[in-house]
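Shown next, in structure tokens, is the structure this report addresses.
Number of protein chains: 2
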Amino acid sequence: MRLGIDIGGTKTDAVAVDELGALTQRVRLATGFGHDAVLETAVAAVARIGELTGLAPGGFQSIGIGVPGMVDTASGQVAHAVNLGLEQLELGGMLAGRLGVGVRVENDVKAAALGAYHLLGLTGTMAFLNLGTGMAAGIVVDGRLWRGSTGIAGEIGHLPVDPQGVLCACGQRGCLETVASGSGVARQWPTDDPLPVRALFLAAAEGDPAARAITARLAAGIASAVRVLVLTVDVGTVVIGGGLSHLGERLLGEVHEVLHDWERTSPFLASLDLPGRVRLVPEDTPVAALGAALVGEN
Amino acid sequence: MRLGIDIGGTKTDAVAVDELGALTQRVRLATGFGHDAVLETAVAAVARIGELTGLAPGGFQSIGIGVPGMVDTASGQVAHAVNLGLEQLELGGMLAGRLGVGVRVENDVKAAALGAYHLLGLTGTMAFLNLGTGMAAGIVVDGRLWRGSTGIAGEIGHLPVDPQGVLCACGQRGCLETVASGSGVARQWPTDDPLPVRALFLAAAEGDPAARAITARLAAGIASAVRVLVLTVDVGTVVIGGGLSHLGERLLGEVHEVLHDWERTSPFLASLDLPGRVRLVPEDTPVAALGAALVGEN
Chain A
40 MRLGIDIGGT KTDAVAVDEL GALTQRVRLA TGFGHDAVLE TAVAAVARIG ELTGLAPGGF
100 QSIGIGVPGM VDTASGQVAH AVNLGLEQLE LGGMLAGRLG VGVRVENDVK AAALGAYHLL
160 GLTGTMAFLN LGTGMAAGIV VDGRLWRGST GIAGEIGHLP VDPQGVLCAC GQRGCLETVA
220 SGSGVARQWP TDDPLPVRAL FLAAAEGDPA ARAITARLAA GIASAVRVLV LTVDVGTVVI
280 GGGLSHLGER LLGEVHEVLH DWERTSPFLA SLDLPGRVRL VPEDTPVAAL GAALVGEN
Chain B
40 MRLGIDIGGT KTDAVAVDEL GALTQRVRLA TGFGHDAVLE TAVAAVARIG ELTGLAPGGF
100 QSIGIGVPGM VDTASGQVAH AVNLGLEQLE LGGMLAGRLG VGVRVENDVK AAALGAYHLL
160 GLTGTMAFLN LGTGMAAGIV VDGRLWRGST GIAGEIGHLP VDPQGVLCAC GQRGCLETVA
220 SGSGVARQWP TDDPLPVRAL FLAAAEGDPA ARAITARLAA GIASAVRVLV LTVDVGTVVI
280 GGGLSHLGER LLGEVHEVLH DWERTSPFLA SLDLPGRVRL VPEDTPVAAL GAALVGEN
């Protein structure tokens, strides 16, 4: 049995996965804010899964943690996890000290990529396109995470696609993330609605021209991210995940429409079958926790 | 001993490579135009290297051919090699019939990527950014060519980066290739000079404002290609090759200038050390023929 934990900005998912990779237990906790509270959240998650499975921490074949921010997978150190209130934390080392066993720490998007790959039974090459506050992709090649030479493979949210675009937090202009992410939508469509992107799509469906323009830019940005992933790595599948993926078929439909529009003007793009490569992550499945349980296995 | 041939639009390079990967013989022939002439060129290249090494075709450990266009590496079929006058040719099968031994056929940019990787003694991940008539990259991972799921990995010349850009032959607008390739320069700077890009750089050095603008767009396009390759695959090295690379340090200097400019406004980009990842392919080395000799070995 393996244990996987995904520490998100507000919620923490924890799962137990059996030797066949099937999810056998699942719990959800509120995530604490700041160094101590994040560590306690992880400890509590291990304890809860331990109760459900009857296993002590040392009884699991492996324990893996997915966490936002920059992760040094060798040392288990996490940096710049702003949503968790972490500037820098020796999460791997401190958690190992508390549990008495080693843990593996991985960036949450990369963990989700691995989880989605296994959950969907994919083979070959896949990208998990995470549309959360920001945009980033996790790339899996033949069942293994592709980290690249310096660990920044898949950071496609900071590829500029429009010299006339708005300034991005990264210091560049017109990055994909400025139009195709939660923060990109929030900037263009300020609202008190607790589900801002859903509110945007509702307004667009009701014919609001500003909302229509923003959703069109969002869909075009996602389609551009798919094109980037195919024309560089040539991934066979792009799985759309992250907070924006909860829009489900409505979002996928808009993206498909953009991709089909492109095919009408470009025989080259039409030959790549971009629409056929894109799918949504399964709804209500803790893919990042599942992937965290599998991290390091391969 | 291995034999490698690179069939270019005007010249064909052929090399013999010993078991340590060192180049021992090299010849250059004019390339014929059209199906029959291309096949005869390849046969003549094998004969010339055979004379120099004293080996019959069957005496080589392998024979590999690099050729422009779409290559089916399994069947040895070449399609859409416009510069060679080939719509479709069973190059692998027909050449094997003529020589009495099997040959391996690979796209010339991919062959050059493999050749440059070995010639430069690289490890890890590299992209060979070919700036010829068009723009495309060959990606090498741990000494092996990365082809992707459908063989189009590295076709970054057709990534649009400017919605206001010119129409590309592929049907899209503002592709990298429209500004950062031989054809892109030729469109903007029509000239009878036999070395049009050299003439452009000379005019720019003499202060011609139009030439300055075109070289600036060229350098920015190359820098953008480097950024794409690093933010997707995270290659440790980008080797600039192809016809435009003959501009040498002048071109590399312009590209470095763009990358350093970006670093001044983006701490994110500065953290990636893009300038430190870029280098030129060694001058006057038949990297594609060398790579063709190594194709299939790994």
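Chains A and B are the protein sequences, given in the same order. Going by the numbering used here, the residue at position 23 of the first sequence is 62; the numbering climbs one at a time, nothing skipped. Going by the numbering used here, the residue at position 157 of the second sequence is 196; the numbering climbs one at a time, nothing skipped. Just so it is clear, CB atoms sit at the ideal spot from N, CA and C, and this is done for glycine as well. Here the structure is a predicted model, which means the values were calculated and not measured.
Put simply, the CB of Pro-202/A is near chain B, with a gap under 8 Å to one of its CB atoms.
For a cut-off of 8 Å, the C-beta gap from Asn-146/B to Val-110/B is around 5 Å, short enough to register as a contact.
Boundaries of the alpha helix (DSSP H) harbouring Asp-75/A: 74-92, taken from the DSSP string. Residue-level contact by beta carbon holds for Pro-199/A and chain B, with a gap shorter than 8 Å.
With a contact defined as Cβ atoms closer than 8 Å, Gly-154/A and Leu-329/A qualify at about 4 Å. Collapsing the DSSP output to three states places Ser-284/A in a helix. Separation of Thr-254/A and Leu-239/A (C-alpha to C-alpha, rounded to the nearest whole angstrom) is 8 Å.
Taking the Cα positions, Ala-327/B is about 12 Å away from Val-144/B.
If you draw a straight line from the Cα of Ser-222/B to the Cα of His-119/A, it is about 44 Å long. Boundaries cannot be given for Asp-181/A, as no alpha helix (DSSP H) includes it and DSSP labels it neither H nor E.
Residue ranges of uninterrupted beta strand (DSSP E) with 3 or more members, entirely inside the region 152-176 of chain A and ordered along the chain, are 164-170. Using a Cβ-Cβ cut-off of 8 Å, Pro-306/B counts as an interface residue toward chain A, since at least one Cβ of chain A sits closer than that to its own.
Counting along the chain, Thr-63/B sits inside the beta strand (DSSP E) bounded by residues 62-69.
Considering only Leu-168/B, Gly-182/B and His-74/B, the residue with the shortest C-alpha distance to Gly-160/B is Gly-182/B.
Secondary structure at Val-317/A: strand, using DSSP grouped into helix, strand and coil. For a cut-off of 8 Å, the C-beta gap from Thr-80/B to Leu-68/B is around 6 Å, short enough to register as a contact. Only residues of its own chain outside the window of five on either side were considered, and among them Gly-275 have a CB closer than 6 Å to the CB of Gly-163/A, listed in chain order. In this structure, Leu-128/A lies near His-74/A, with their beta-carbon atoms less than 8 Å apart. Excluding the 5 residues flanking it on each side, Pro-325/B has same chain C-beta neighbours closer than 7 Å at Asp-45, Asp-52, Val-54 and Arg-65, in chain order.
Looking from the CA of Ala-152/B, the closest CA among Gly-246/B, Ala-243/B and Met-165/B belongs to Met-165/B. Taking the beta carbon of Gln-211/B as reference, the chain A residues within 8 Å of it are Trp-301, Thr-304, Ser-305, Phe-307 and Leu-308, listed in sequence order. Under the Cβ distance rule, Gly-163/A counts among the residues neighbouring chain B, one pair being separated by less than 8 Å. Residue range 41-46 is occupied by the beta strand (DSSP E) that includes Ile-46/B. Rounded to whole angstroms, the gap between the alpha carbons of Leu-234/A and Gly-190/A is 32 Å.
Contact between Ile-104/A and Leu-130/A holds: their C-beta atoms lie close to 7 Å from each other, under 8 Å.
The three-state reading of DSSP puts Glu-296/B in helix, counting H, G and I together.
Per the DSSP secondary-structure output, Ile-261/A pairs with nothing in a beta bridge. Among the residues facing chain A, Glu-296/B is not included, as its CB has no counterpart in that chain under 8 Å away. For the C-beta of Ile-191/A, the chain B residues within less than 8 Å are, from N- to C-terminus, Val-269, Leu-270, Asp-273 and Leu-311.
Secondary structure at Ser-188/B: coil, using DSSP grouped into helix, strand and coil. At a cut-off of 8 Å between beta carbons, Gly-280/A makes no contact with chain B. In this structure, Phe-72/B sits near Leu-123/B, with a CB-CB distance shorter than 8 Å. In the structure shown, the three-state DSSP call for Gln-227/B is helix. In the assembly as shown, Gln-203/B is an exposed residue. Its beta-carbon has fewer than 16 other beta-carbons within 10 Å. The three-state secondary structure of Val-277/A, taken from DSSP, is strand. Around the beta-carbon of Gln-211/A, 16 or more other beta-carbon atoms lie within 10 Å, marking it buried.
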